[in-house]
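Report on one structure; see the data block that follows.
Number of protein chains: 2
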Amino acid sequence: METPAPATERPDDAPATATSKSAQTRQRILDAAAEVLSRKGYAGTRLADVAAVAGVQAPAIYYYFSSRDDLVEEVMWVGAHLVRLHVEEVLAALPDATPMMDHLMVAVDAHLRFELQLSDYATASIRNAGHVPEQLRVRPAAEEALYSRLWRDLFVAAQQAGEVRADLDVNVFRLLLLGAMNWVVEWWNPRTRSLDELVATAQAMVRNGAAAR
Amino acid sequence: METPAPATERPDDAPATATSKSAQTRQRILDAAAEVLSRKGYAGTRLADVAAVAGVQAPAIYYYFSSRDDLVEEVMWVGAHLVRLHVEEVLAALPDATPMMDHLMVAVDAHLRFELQLSDYATASIRNAGHVPEQLRVRPAAEEALYSRLWRDLFVAAQQAGEVRADLDVNVFRLLLLGAMNWVVEWWNPRTRSLDELVATAQAMVRNGAAAR
DNA sequence: GGTGAAATCTAATAGGATTTAGAAACATGG
DNA sequence: CCATGTTTCTAAATCCTATTAGATTTCACC
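Heads up: the protein sequence lines correspond to chains A and B, in order. Basically the working numbering = 1-based index in the first sequence + 781. Basically the working numbering = 1-based index in the second sequence + 781.
Now the structure itself:
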């Protein structure tokens with residue numbers, strides 16, 4: 782549920798320790814915003830709700846963020862950022878000789894588990910990407926572009942290695958796959974379905990759907 | 782100040798001609814709402830915007846709908862309803878001996894083309910399904926359940942016919958597929974990508990991803 | 001043309017949410 | 001324990017938009 786302090790942006794010019802009381806409160810507010818945003822969406826998220834979850838009064842938020850939209854934008858950016866970091870990390874840990882198709886399998890696993898278990902930020906970011914005002918999308922969109930590129934590179938490499946069918950349109954396939962995984966937040970219920978099975982099925986969809994014969 | 786036509790469902794018992802001035806205006810407002818909702822989402826849709834697109838003043842909307850939420854709910858319901866009708870229609874036109882896998886291919890084609898080309902209602906319905914307040918989801922959700930069942934039946938039949946791998950979890954696969962197709966509205970741009978190619982790739986994803994060897 | 005209902009408009013109301021203002025509590029170093 | 005800056009609160013202002021009220025136009029039909 783809670784995401785460990787990921788140095789949300791840059792340490793700014795604040796010389797104080799990253800775990801000072803102030804920084805902690807800011808983090809609590811940000812976490813609360815991610816949680817509420819992931820559950821209720823942009824429209825349904827009121828500052829009073831966020832404040833309640835964070836254990837402060839609504840106006841306290843303005844000590845750390847200049848506006849509601851500023852807070853939302855940061856949650857979205859952090860969400861996109863964390864997913865990318867997580868997947869990159871997991872991929873980097875693979876042995877050098879790992880086949881490209883296995884890279885894809887691992888990426889699918891990492892994306893889904895992170896999105897569903899580890900991060901309200903990821904869920905908030907995914908669910909609200911297309912629902913916030915234009916001006917809030919600029920910074921998060923840059924992160925998403927980097928993430929997109931990561932997947933594109935995976936697919937292109939897999940195709941060049943002959944592990945993915947040469948006649949497959951990997952760009953469209955990739956967008957469909959990311960859509961399938963992103964949409965999971967709209968229907969997945971941990972009570973009724975096992976995460977393992979979901980991951981396995983998504984992996985099968987890629988392996989069988991894209992693999993060369 | 783009485784509402785001329787049944788504000789909620791179809792003009793079943795409406796005595797007046799279906800194309801009366803009144804019915805036309807109501808339709809114009811509904812169309813406008815679908816258009817704005819599909820573009821700006823639930824949060825970003827203001828009655829003033831809808832009214833502007835429909836060519837009336839905002840209060841005129843209240844002559845036909847009892848509230849903003851009532852209007853939104855109807856758009857959502859119509860969206861879900863139309864997609865289902867369209868796909869059912871296309872499937873019904875198939876020759877009796879058509880293999881089940883071809884049923885699936887046709888359904889994928891119909892869903893995507895309808896969603897992307899024909900209907901702001903479908904787009905509005907898809908994009909906002911998880912973003913409107915609970916109370917607005919009841920009626921649309923019933924439609925979606927019917928649509929879900931349609932797909933479930935397709936997959937189950939295909940699996941029983943031996944055209945889909947026996948070990949595939951068709952429920953999860955179906956939800957992933959519908960997610961992939963629904964999410965398309967978030968990224969598809971008719972200018973930069975051909976719809977034909979999108980459809981072909983989605984079909985390939987199902988055919989190769991699910992087919993028995 | 002006159003008449004009444006239907007349809008739409010202008011102008012005002014109302015309620016909820018963000019956002020400011022300014023005071024109180026808190027911490028921290030001298 | 002005092003002084004000073006930081007953090008948070010209460011109370012109030014402001015803004016935005018749905019909604020209502022009431023007036024006005026449109027239009028079918030006598």
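Idealized CB from N, CA, C, for every residue including glycine.
- Inside the region 825 to 856 of chain B, DSSP marks whole alpha helix (DSSP H) runs of 4 or more residues at positions 828 to 835, from first to last along the chain.
- When DSSP assignments are scanned along the region 898 to 952 of chain B, the uninterrupted stretches of alpha helix (DSSP H) that are 4 or more residues long and fall wholly within it turn out to be 901 to 909, 919 to 941.
- Under the DSSP definition of a beta bridge, Ala-991 (chain A) lacks any partner.
- Only buried fits Asn-963 (chain B), as 16 or more other CB atoms lie within 10 angstroms of its CB.
- Of all residues in the region 958 to 969 of chain B, only Leu-958, Leu-959, Gly-960, Ala-961, Met-962, Asn-963, Trp-964, Val-965, Val-966, Glu-967, Trp-968, Trp-969 place a beta-carbon less than 9 angstroms from a beta-carbon of chain A.
- In the three-state reduction of the DSSP assignment, Leu-875 (chain B) falls in the coil class, being assigned neither a helical nor a strand state.
- In the structure shown, the three-state DSSP call for Asn-970 (chain A) is coil.
- Within 7 angstroms of the CB of Val-945 (chain B), no CB atom of chain A is found; the nearest one sits about 11 angstroms away.
- Exclusion of the five residues before and after Gly-943 (chain A) leaves Ala-993 as the residues of its chain whose Cβ lies within less than 7 angstroms of its Cβ.
- In terms of Cβ geometry, Ala-888 (chain B) and Leu-828 (chain B) do not form a close pair [threshold 8 angstroms].
- In summary, Gln-940 (chain B) is buried, with 16 or more beta-carbon neighbours lying within 10 Å of its beta-carbon over all protein chains present.
- Taking 8 angstroms as the cut-off, the beta carbon of Val-837 (chain B) is found no closer than this to the beta carbon of Val-817 (chain B).
- Listed along chain B is no residue with a C-beta nearer than 8 angstroms to that of Leu-885 (chain A); the closest approach is about 13 angstroms.
- Among the residues of chain B, those whose CB is under 7 angstroms from the CB of Phe-954 (chain A) are Thr-982, Met-986, following chain order.
- Between the beta-carbon of Asn-909 (chain B) and that of Gly-990 (chain B) there is about 28 angstroms, and that puts the pair past the 8 angstroms contact cut.
- Neighbours of Gly-825 (chain B) in chain A, taken as residues at a C-beta separation under 9 angstroms, are given in chain order as Tyr-823, Ala-824, His-912, Val-913, Pro-914.
- In the displayed model, Ser-803 (chain B) falls within a helix according to three-state DSSP.
- CA-to-CA, the gap between Leu-959 (chain B) and Val-966 (chain B) works out to about 12 angstroms.
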